[in-house]
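Visitor: I have a structure I would like to understand better, so I am pasting it below and will then ask my questions one at a time.
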Amino acid sequence: MRSEIENIVDEIKQAISLLRRHLDWDQAIRRLDWLNNKAEDPSLWNDAAEAQKLMRERQQLDDGINGLRRFEQQLNDNIELIELGEEEGDAAIVADAEEALKQLRNEAAKKQVEAMLSGEADQNDTYLEVHSGAGGTESQDWANMLLRMYTRWAERQGYKVELMEIQDGEEAGIKSATLLVKGHNAYGWLKTESGVHRLVRISPYDSNARRHTSFSSIWVYPVVDDSIQIDINEGDCRIDTYRSSGAGGQHVNTTDSAVRITHMPSGIVVQCQQERSQHKNRAKAWDMLRARLYEAELKKREEAANAEAASKTDIGWGHQIRSYVLQPYQLVKDLRTGVESTSPGDVLDGELNDFMEAALAHRVQGGADAVVEDLS
């Protein structure tokens, strides 16, 4: 086989190996056998909800296992066809088999992305919080830029975006904001964006046109669906009401309709000012708190969520996951994976998939953060 095809074969084999590891192949085989036997038990349907849950798991395992077996069979079949074609001097057979391998590589790449989005809550809608760091107007303007970046990314994905709350900065930008992003796999895509984001640019607020470094943090947590029970002792919570800020009309700005809930044991704080009704904001704030507590539990279970979540650390130097440099050169660099873009304008306009896919692959592979030098 020519070197190009050999490289494609290696890529497919690597993809199959990764998918096997992600599926936990031996355990998946045993689990599927157990589920198949369970499906033949008439008493299974005494609990319809549990039966449906098990049947969905059975279908997912069956699809994953048979899909991998099909990949392996197609890979071996096409390798044999190429060898046969080369022995018999049949260029047409070789060309067809090589084209089939290229298509198989593309299909394997798509399966890898699907595998990376198979976590417990990955399919859920998600909340995304933006918080400005120290630095006043500079970091508040940067937080507003990040809010726009993730809004644009979500719109590009076809997701629905709702602004749950926003705290304006004194002069420009925002102190904080919370988005609700609705769509299939919204949490799965955004979960690796949690952390501190660093901006280097010539400040538009500096009359001497000096270069400034600003920090803001992102926190992402999944919306909890009705099937997940999160018990909260209301006695552990402090509920405050306050006057809404930002756009929304005269009524929003003149009534204490916004709600803030502080969960004392964990220190988690959630806020909602989306609705004109304090009652509705209170209900949504409780939903957000349930989601934050659920996300905290997920973090405990995920080995890939190293140490504490980044937004619990200082929003400043040494904690950043990504740097965005606009001056003296143009570059965005992820400090966990080393992925770069020389078009920060496009990144800030929502072109984030390359960074997200690399971070998801890094998490699935279970590797430690790459040793990546930050941008000066």
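Quick note, the sequence shown lines up with residues 24 to 399 if you use my numbering.
Think of the CB as a built atom: it goes at the ideal place given N, C-alpha and C, for glycine as much as any other residue.
Rank Ala384, Leu375, Glu29 by C-alpha distance to the C-alpha of Glu178 and give the top, closest one.
Guide: Leu375
Visitor: Measure the alpha-carbon distance for Thr149 versus Ile241 and round it to whole angstroms.
Guide: 13 angstroms
Visitor: Assuming Ser162 contacts Ser230 under a Cβ cut-off of 8 angstroms, what Cβ separation, rounded to an integer in Å, is found between them?
Guide: So it is not a contact: roughly 19 angstroms between Cβ atoms.
Visitor: Going by alpha carbons, who is nearest to Tyr228 out of Glu185, Thr215, Gly159?
Guide: Gly159
Visitor: Note down the Cα distance separating Glu185 from Thr236, rounded to an integer number of angstroms.
Guide: 29 angstroms
Visitor: Check for me: the beta strand (DSSP E) holding Asp191 runs from which residue to which?
Guide: 183–191
Visitor: Is the beta carbon of Val293 sitting closer than 8 angstroms to the one on Leu321?
Guide: no
Visitor: Looking only at C-alpha atoms, which of Trp165, Arg93, Trp57, Gly206 sits nearest to Leu403?
Guide: The structure shown does not extend to residue 403, since the chain is modelled only from 24 through 399, so no value can be given for it.
Visitor: Which whole-angstrom value is the C-beta distance of Val282 and Thr264, which I expect to be below 8 angstroms?
Guide: At roughly 6 angstroms, the Cβ-Cβ gap stays under 8 angstroms, so Val282 and Thr264 are in contact.
Visitor: Measuring CB to CB, does Leu170 end up less than 8 angstroms from Ala200?
Guide: yes
Visitor: Use the C-beta contact count for Ser26: other C-beta atoms within 10 angstroms, 16 or more gives buried, fewer gives exposed.
Guide: By the Cβ neighbour-count rule, Ser26 is exposed, with fewer than 16 other Cβ atoms within 10 Å of its own.
Visitor: Can you pull the DSSP bridge partners for Arg261?
Guide: Thr285
Visitor: What does the alpha-carbon distance come out to for the pair Ile28 and Gln97?
Guide: 14 angstroms
Visitor: Could you pull out every residue in the same chain whose Cβ sits closer than 8 angstroms to the Cβ of Met172, ignoring the five residues on either side in sequence?
Guide: Val370, Leu371, Asp372, Gly373, Leu375
Visitor: Would you please state the rounded distance, in angstroms, between the beta carbons of Ala381 and Asp357? I believe it to be under 8 angstroms.
Guide: A Cβ-Cβ distance of about 7 angstroms is found for the pair Ala381 and Asp357, placing them in contact under the 8 angstroms criterion.
Visitor: Does DSSP classify Ser141 as helix, strand or coil?
Guide: coil
Visitor: Starting from His45, trace the beta strand (DSSP E) both ways and give me its first and last residue.
Guide: Premise fails: His45 lies in the alpha helix (DSSP H), 26–46, not in any beta strand (DSSP E).
Visitor: With DSSP collapsed to three states, give me the class of Tyr244.
Guide: strand
Visitor: So what does Ala384 bridge to, in DSSP terms?
Guide: Paired residues: none, contrary to the question.
Visitor: Taking contact to mean 3 or more Cβ pairs, one atom from each stretch, closer than 8 angstroms, check whether the segment 32–39 and the segment 90–107 are in contact.
Guide: Two segments are said to touch when three or more pairs of C-beta atoms, one from each, lie closer than 8 angstroms; by this definition the segment 32–39 touches the segment 90–107.
Visitor: Do the segment 209–216 and the segment 132–149 make contact, defined as three or more Cβ pairs closer than 8 angstroms?
Guide: yes
Visitor: Counting along the chain, where does the alpha helix (DSSP H) carrying Ile105 start and finish?
Guide: From DSSP, the alpha helix (DSSP H) with Ile105 extends over 71–111.
Visitor: Pull up the CB-CB distance for Val153 and Tyr182, whole angstroms please, since I reckon it's below 8 angstroms.
Guide: About 16 angstroms; that fails the 8 angstroms criterion.
Visitor: Hey, could you find the ends of the alpha helix (DSSP H) Tyr210 is sitting in?
Guide: 209–213
Visitor: So, Leu104 versus Leu151, is the Cβ gap smaller than 8 angstroms?
Guide: no
Visitor: Considering only residues of the same chain and omitting the five flanking positions on each side of Glu298, which have a CB-CB separation below 6 angstroms?
Guide: Asn304
Visitor: Please report how far the alpha carbon of Asp377 lies from the alpha carbon of Arg81, in whole angstroms.
Guide: 32 angstroms
Visitor: Closest to Leu58 by CA distance: which of Trp48, Asp85, Arg44 is it?
Guide: Asp85
Visitor: Please return the same chain residues whose Cβ sits closer than 7 angstroms to the Cβ of Lys133, not counting the five positions on each side in sequence.
Guide: none
Visitor: Near Asn329, what residues of its chain come up, given a Cβ to Cβ distance below 7 angstroms and the 5 sequence neighbours on each side ignored?
Guide: Unreliable placement is indicated for Asn329, whose pLDDT of 40 sits below 50; the coordinate value is still reported in the next sentence. Once the five neighbours on either side are set aside, Asn329 has no close Cβ partner at all.
Visitor: Rounded to the nearest angstrom, what separates Gln126 and Ile35 at their Cα positions?
Guide: 10 angstroms
Visitor: For Ser199, which three-state DSSP category applies?
Guide: strand
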